[in-house]
Amino acid sequence: MRVTTGEQMGVGSEQTERGLATLVGRLTEGLTKLVTQHLTLARAEMMEDARLMGADLALIALFVPFVLVGYGFVCAGLAVALARWLGLAGALALVGGLNLVGGVVGVKRAAERLKAHQVMDDTKSELNRSVTALSQEVPHGR
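Just so it is clear: in the sequence shown, position 73 is 73 by this note's numbering, and no numbers are missing.
Quick look at the structure:
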């Protein structure tokens with residue numbers, strides 16, 4: 001039996017369509033897997049960041065009362081010592097002013113450090129790599 005050109009084209013079209021459908025299926029599967037992996041990475045990174053920050057905050061909360069009590073005694077002692085030369089009011093004002101300036105400087109530095117902390121760095125870089133890879137044009141002939 002002889003196959004005509006029209007029949008050959010029909011068979012070729014079906015194979016091309018099946019091949020295209022397979023490629024689209026693989027692409028969809030790959031993209032789904034990629035998105036799932038990115039979400040898994042983001043979740044794991046967020047959990048790790050939260051765990052580390054929580055541990056640091058717990059340590060700070062544990063030692064803050066000791067620091068405050070010790071600091072209060074040091075400031076009172078300094079004010080009493082300075083009261084000989086400045087009077088009690090002058091000594092308290094000087095110690096209070098120094099504490100105010102030091103506190104403002106410390107809070108500013110801490111706020112700058114918090115702003116500089118990058119959360120989810122790995123997730124961002126992996127997502128950027130994926131977007132770059134997906135946006136590159138595939139050469140013809142492949």
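Ideal placement from N, C-alpha and C gives every residue a C-beta, glycine not left out. Bear in mind the structure is a predicted one, so any value in this text is a computation, not a measurement.
Inter-residue spacing [alpha-carbon to alpha-carbon] between residue i and residue j
{"i": "residue 157", "j": "residue 47", "result": "Nothing in the structure corresponds to residue 157, since the chain is present only between 1 and 142."}
{"i": "residue 112", "j": "residue 61", "result": "21 Å"}
{"i": "residue 71", "j": "residue 118", "result": "32 Å"}
{"i": "residue 127", "j": "residue 134", "result": "11 Å"}
{"i": "residue 19", "j": "residue 40", "result": "31 Å"}
{"i": "residue 76", "j": "residue 125", "result": "52 Å"}
{"i": "residue 55", "j": "residue 83", "result": "42 Å"}
{"i": "residue 102", "j": "residue 59", "result": "22 Å"}
{"i": "residue 97", "j": "residue 86", "result": "14 Å"}
{"i": "residue 26", "j": "residue 32", "result": "10 Å"}
{"i": "residue 65", "j": "residue 57", "result": "14 Å"}
{"i": "residue 13", "j": "residue 22", "result": "14 Å"}
{"i": "residue 136", "j": "residue 53", "result": "38 Å"}
{"i": "residue 106", "j": "residue 114", "result": "12 Å"}
{"i": "residue 69", "j": "residue 63", "result": "10 Å"}
{"i": "residue 225", "j": "residue 24", "result": "As displayed, the chain neither begins before 1 nor continues past 142, which places residue 225 out of reach and without an answer."}
Beta-carbon proximity of residue i to residue j, cut-off 8 Å
{"i": "residue 38", "j": "residue 132", "result": "no"}
{"i": "residue 67", "j": "residue 78", "result": "no"}
Close Cβ partners of residue i (< 7 Å) along its chain, the five nearest in sequence each way excluded
{"i": "residue 110", "result": "none"}
{"i": "residue 51", "result": "none"}
Identity of the residue in the options nearest residue i by Cα
{"i": "residue 42", "options": "93, 64, 20 and 120", "result": "120"}
{"i": "residue 99", "options": "74, 58 and 20", "result": "74"}
Cβ-based neighbour list, residue i, same chain, cut-off 8 Å, excluding 5 preceding and 5 following
{"i": "residue 130", "result": "34 and 38"}
{"i": "residue 108", "result": "none"}
Beta-carbon contacts of residue i that lie in its chain and below 6 Å, excluding the five residues immediately before and after
{"i": "residue 91", "result": "79, 82 and 83"}
{"i": "residue 88", "result": "none"}
{"i": "residue 6", "result": "In this predicted model, residue 6 has a pLDDT of only 49, less than 50, meaning its place in the structure is not dependable; the value taken from the coordinates is given anyway. Same-chain partners within the cutoff: there are none."}
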